[in-house]
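**Q** The structure is given below, and queries will be raised subsequently.
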Amino acid sequence: MPPLRELVDHVLNAAPDVYIRDYVGDSGEPHARAVSASPDISRWPAAVADPGARFGAGSGTEDSNTLGFAAAKGHRNFIDVRVLNQGGSAATDGKAPLSWASVATPVTPDLWTPVGALTVPNVPIGEQLTVSDAIGWPDPQIPAPGHYCLGGPIGNAADPAPLPAGFLDRATDNRFIGEDNHGTWRNLSVEPPAPAPDNPDVPRRYRAPPFLAGGAGGRDTAAQGGGPAHGGATRLQRSVTPARPGGRPRGGSQAQGGAAARLRIGA
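Here this note's numbering is used: the first residue of the sequence shown is 2, the next is one more, and so on.
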């Protein structure tokens, strides 16, 4: 007698087949492309109202790979995932246990730190992009500012995800992501918290720019009382005073005590 369960699930495609994309354009089939660029794991600074409408099917963001790619220290963050189903029946009670890991070669199972399990109550057939319920990521559990991997598998009772317990080399690790559509990850940056508004060391109306300026071992920070930061790179800090009555804001890059705006280089 033929294996009826295999016949029903794989030949007739009657079972659910849920997956999270590894890259924009991923169809859920085996591939040898990117394994750290999933567009379907997102981090947000606050819980998002109606995430399905904002990030699911018909939202206009289906193929965006820039959604929520950075976390921030100093407050609770929220994470959700987007899932598709290329099987023949709806997938109910899906689970996506996520974890983070420092960058390493390979990122073996013992290096992953659990974040929590997301729930996807129902993923309909027809590859309709479905957004999970979000989970909170408390600040004490978020790693220090830096670069990390965030990922995990998706599955349910009818379409279980494999457990990558034996993946102890980079090739096997990559095959799990590329050849099994249940698992994925994406690169994630963790940013430092914004400075407190009453911090006396921060110029008034300061806003942290999203870039670093290279320095020579931090020596160009000494005049402002700063020290070496980021291996010789320094953060630019710009503060602007209010506008003259009826005029434009005053700005510039002269030294302290000169122009009304200053460019402060510090740690």
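The C-beta atom is built at its ideal place from N, Cα and C for all residues, glycine as well. Since this is a predicted model, take the numbers as computed values, not measurements.
Since Ala-97 and Leu-130 are thought to touch, with beta carbons under 8 Å apart, how far apart are those beta carbons, to the nearest angstrom?
**A** About 14 Å; that fails the 8 Å criterion.
**Q** Count the other CB atoms within 10 Å of the CB of Arg-55; is the residue buried (16 or more) or exposed (fewer)?
**A** exposed
**Q** If you check the beta carbons only, do Gly-152 and Ser-190 fall under 8 Å apart?
**A** no
**Q** Indicate the three-state DSSP secondary structure (helix, strand or coil) for Ala-68 in the structure shown.
**A** Residue identity differs from the one stated: residue 68 is Leu in this sequence, not Ala. Note: Leu-68 maps to coil in three-state DSSP.
**Q** Suppose the cutoff is 6 Å on Cβ atoms and the five residues either side in sequence are ignored; what does the same chain contact list for Cys-150 look like?
**A** Ala-102, Val-108, Trp-186
**Q** Which of the three DSSP states, helix, strand or coil, is assigned to Gly-179?
**A** helix
**Q** Ignore the nearest five residues each way along the sequence and tell me which others in Ser-65's own chain have a CB closer than 7 Å to its CB.
**A** Pro-40
**Q** Taking the CB atoms as reference points, tell me whether Ile-126 and Val-19 lie closer together than 8 Å.
**A** no
**Q** Is it right to say Ser-123 is buried, meaning 16 or more other beta carbons lie within 10 angstroms of its own, or is it exposed?
**A** Residue identity differs from the one stated: residue 123 is Asn in this sequence, not Ser. Exposed, because fewer than 16 other Cβ atoms sit within 10 Å of the Cβ of Asn-123.
**Q** For the segment 89-113, which segments carrying the beta strand (DSSP E) assignment without a break, of at least 3 residues, lie completely within its bounds, in sequence order?
**A** 92-103
**Q** Would you list the residues sitting across from Glu-192 in a DSSP beta bridge?
**A** Ala-73
**Q** Check whether the Cβ atoms of Ile-143 and Ala-72 lie closer than 8 Å to each other.
**A** yes
**Q** Between Ile-80 and Arg-44, how many whole angstroms is the CB-CB distance? I'm expecting something under 8 Å.
**A** With 8 Å as the limit, Ile-80 and Arg-44 qualify as a contact, their Cβ atoms being about 5 Å apart.
**Q** Confirm, please, whether the CB-CB distance from Val-116 to Gly-52 is below 8 Å.
**A** One detail in the question is off: residue 52 reads as Pro in this sequence, not Gly. No, they are not a contact pair.
**Q** To the nearest angstrom, how far is the alpha carbon of Gly-95 from that of Gly-75?
**A** 31 Å
**Q** In chain order, what residues of the same chain lie with their CB nearer than 6 Å to the CB of His-32, ignoring the 5 residues before and after it?
**A** Gly-179
**Q** Starting from Arg-55 and walking both ways along the alpha helix (DSSP H), at which residues does that stretch end?
**A** 52-56
**Q** With 16 as the cutoff for other CB atoms within 10 Å, does Arg-34 come out buried or exposed?
**A** exposed
**Q** Taking C-beta to C-beta, are Ala-92 and Asp-134 nearer than 8 Å?
**A** no
**Q** Please look up how many angstroms separate the CB atoms of Asn-157 and Glu-128, rounded, as I've assumed it's under 8 Å.
**A** Not really, about 16 Å apart at Cβ, beyond 8 Å.
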